[in-house]
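For reference, the structure is listed below as structure tokens.
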Amino acid sequence: MNSDNEHVSEMAKTHPDAAQEQGRWQGAVTDWSADKQVFDMSWGKLMMWVFLLSDTFIFSIFLTGYMNARMSTTEPWPFASEVFALTIAGHHIPLILIAIMTFILITSSGTMAMAVTYAYRGNRKVAVYLMLATAVLGASFVGMQAFEWSKLIIEEGVRPWGNPFGAAQFGASFFMITGFHGLHVSAGVILLLVIAKRVHQGVYQKKGLQIVEITGLYWHFVDLVWVFIFAFFYLW
Amino acid sequence: MSQVLGQQHPISLYLKVWLLLFVLSSFSYMVDYFQLQGNLRWLLILLFMFIKAGLILVVFMHVAWERTALKLLLFVPPIAIVILIALMGVEANYVFLGRMMALFIP
Numbered sequence: 193m194n195s196d197n198e199h200v201s202e203m204a205k206t207h208p209d210a211a212q213e214q215g216r217w218q219g220a221v222t223d224w225s226a227d228k229q230v231f232d233m234s235w236g237k238l239m240m241w242v243f244l245l246s247d248t249f250i251f252s253i254f255l256t257g258y259m260n261a262r263m264s265t266t267e268p269w270p271f272a273s274e275v276f277a278l279t280i281a282g283h284h285i286p287l288i289l290i291a292i293m294t295f296i297l298i299t300s301s302g303t304m305a306m307a308v309t310y311a312y313r314g315n316r317k318v319a320v321y322l323m324l325a326t327a328v329l330g331a332s333f334v335g336m337q338a339f340e341w342s343k344l345i346i347e348e349g350v351r352p353w354g355n356p357f358g359a360a361q362f363g364a365s366f367f368m369i370t371g372f373h374g375l376h377v378s379a380g381v382i383l384l385l386v387i388a389k390r391v392h393q394g395v396y397q398k399k400g401l402q403i404v405e406i407t408g409l410y411w412h413f414v415d416l417v418w419v420f421i422f423a424f425f426y427l428w
Numbered sequence: 023m024s025q026v027l028g029q030q031h032p033i034s035l036y037l038k039v040w041l042l043l044f045v046l047s048s049f050s051y052m053v054d055y056f057q058l059q060g061n062l063r064w065l066l067i068l069l070f071m072f073i074k075a076g077l078i079l080v081v082f083m084h085v086a087w088e089r090t091a092l093k094l095l096l097f098v099p100p101i102a103i104v105i106l107i108a109l110m111g112v113e114a115n116y117v118f119l120g121r122m123m124a125l126f127i128p
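The listed protein sequences derive, respectively, from chains H and C.
Letter by letter, the first sequence follows residues 193 to 428 of this note's numbering.
Letter by letter, the second sequence follows residues 23 to 128 of this note's numbering.
What follows is the structure in structure tokens.
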């Protein structure tokens, strides 16, 4: 037992400031080759990062499939600017709903980032309120997406196998990519509500509030994916 | 362990990044609103996209303050995606040419 403790303290001595002393690459080599855990973080946080890496691959493959379909079709691609235009108070504004959705998601990322800071400062109350604000913004994003989908399906007649604007692959790409992203946002809203409830109940008093940062990683990732969807699907 | 205190950064930093993301998103939207076309359009879309993605990843997701071992975990595997995109681009051009030829040469 005693020797174990010595062993641990020996590791602690060689480890935390190693990066500053050795420079970043030498630090990475030390992390991988030393007789210790490679990643200097909790298991939960590391697994969230690994999950997000795998999710990166899923979304990349969707977007690559969309690129391939769009580049190889001989039909003209539907003009997204007009397909997603709305008439508000008599003004015809291109892509306006998507722009509002983008701003909402960015705002929710801001409130989430602040929730993480307040959680680490030990201010549970503010952290819970900020997480709830994030969830509300996320839910409104999903609501707007539902509106967008129903408008496209019911009024415009867009289907996965065809649409009145041009290349048939537009519908399949659109429903697949935005649908998968919308599912991620919905799951994120549920996750936020569950974690906010548990933080409020004081479930994490012993473990610490890193769970808020882990939840935040997932939420920011959903925002990150939207940045790419916005650029490649709606603006391109 | 650096994780005991966790990732604590001033709120003002988050507010600045938030504001910057708002401005950049407005710029992205303006590209479409004013219907810029051609290379300038692609260039601006990609530029704003990469700055926004970078800000979210580096500041909001705290990658800037993580150790190099994690950065390698995050940024080395996606090289495979870049290769996939390049290959699928070439393949799509080939299919497109085949379809165009099928239109003109029965």
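Even glycine gets a Cβ: it sits at the ideal position worked out from N, Cα and C.
Since we're looking at a predicted model, the values are computed, not measured.
| query | result |
| --- | --- |
| Minimum Cβ-Cβ distance from residue 47(C) to chain H less than 8 Å | yes |
| Beta carbon proximity, residue 115(C) to chain H, threshold 8 Å | yes |
| Partner residues on chain C for residue 136(H), Cβ-Cβ distance less than 7 Å | Outside the displayed range of chain H (193 to 428) lies residue 136(H), so it cannot be described from this structure. |
| Other residues of its chain near residue 93(C): CB distance less than 8 Å, five sequence neighbours each side excluded | 85 |
| Between the CA atoms of residue 63(C) and residue 21(C) - distance to the nearest angstrom | Since the first residue of chain C shown is 23 and the last is 128, residue 21(C) is not available in this structure. |
| Minimum Cβ-Cβ distance from residue 111(C) to chain A less than 8 Å | Here the protein chains are H and C, and chain A is not one of them. |
| Proximity winner among 428(H), 425(H), 416(H), 426(H), relative to residue 72(C) (alpha-carbon distances) | 416(H) |
| Interface partners of residue 286(H) on chain C, CB under 8 Å | 54, 55 |
| Residue 260(H) beta carbon less than 8 Å from that of residue 110(C) | yes |
| Length-filtered (4 minimum) alpha helix (DSSP H) runs lying within the segment 256 to 311 of chain H | 272 to 275 |
| Residue 67(C) versus 114(C), 79(C), 54(C), residue with shortest Cα-Cα distance | 54(C) |
| 8 Å Cβ cutoff, residue 60(C) in contact with chain H | no |
| Where residue 82(C) meets chain H, residues with beta-carbon distance less than 7 Å | 301, 305, 412 |
| Range covered by the alpha helix (DSSP H) that runs through residue 369(H) | 361 to 393 |
| Residues that residue 118(C) contacts on chain H, provided the C-beta gap is smaller than 8 Å | 263, 264, 265, 266 |
| Assigned secondary structure, residue 351(H) (DSSP; H/G/I helix, E/B strand, else coil) | strand |
| Any non-hydrogen atom of the ligand NAP closer than 7 Å to residue 353(H) Cβ | Absence of the ligand NAP from the depicted structure is noted, as is the absence of any ligand whatsoever, leaving it without description. |
| Close-in-space but distant-in-sequence residues of the same chain around residue 312(H) (CB under 7 Å, 5 per side omitted) | 401 |
| Rounded separation between residue 276(H) and residue 317(H) - CA only | 39 Å |
| Selection from 408(H), 256(H), 322(H), 292(H) that minimises the alpha carbon distance to residue 237(H) | 408(H) |
| Pairwise C-alpha distance: residue 359(H) and residue 234(H) | 48 Å |
| Environment of residue 421(H) [buried if 16+ CB atoms lie within 10 Å] | buried |
| Interface flag, residue 103(C) vs chain H, CB-CB below 8 Å | yes |
| Supposed contact pair residue 74(C) and residue 320(H) - C-beta distance, whole angstroms, cut 8 Å | Incorrect: roughly 28 Å between the Cβ atoms, too far for contact. |
| Proximity test, Cβ basis, 8 Å: residue 34(C) and chain H | no |
| Nearest-angstrom Cα separation, counted from residue 264(H) out to residue 116(C) | 8 Å |
| Distance CB(residue 329(H))-CB(residue 294(H)) smaller than 8 Å | no |
| Where residue 374(H) falls, given that 16 or more other Cβ within 10 Å makes a residue buried | buried |
| Range covered by the alpha helix (DSSP H) that runs through residue 316(H) | 316 to 342 |
| Of the residues 356(H), 405(H), 342(H), 352(H), the one placed nearest residue 365(H), counting alpha carbons only | 352(H) |
| Proximity below 8 Å, CB of residue 362(H) to CB of residue 217(H) | no |
| Inter-stretch contact at 8 Å, needing at least 3 Cβ pairs: the segment 282 to 291 of chain H / the segment 39 to 58 of chain C | yes |
| Residue 110(C), DSSP secondary structure in three states | helix |
| Nearest-angstrom beta carbon gap, residue 223(H) and residue 108(C) [assumed within contact, 8 Å] | In fact, because the Cβ distance is near 31 Å, the residues do not count as touching under 8 Å. |
| Spatial neighbours of residue 230(H) in its chain, beta-carbon cut-off 8 Å, leaving aside the 5 residues before and after | 223, 224 |
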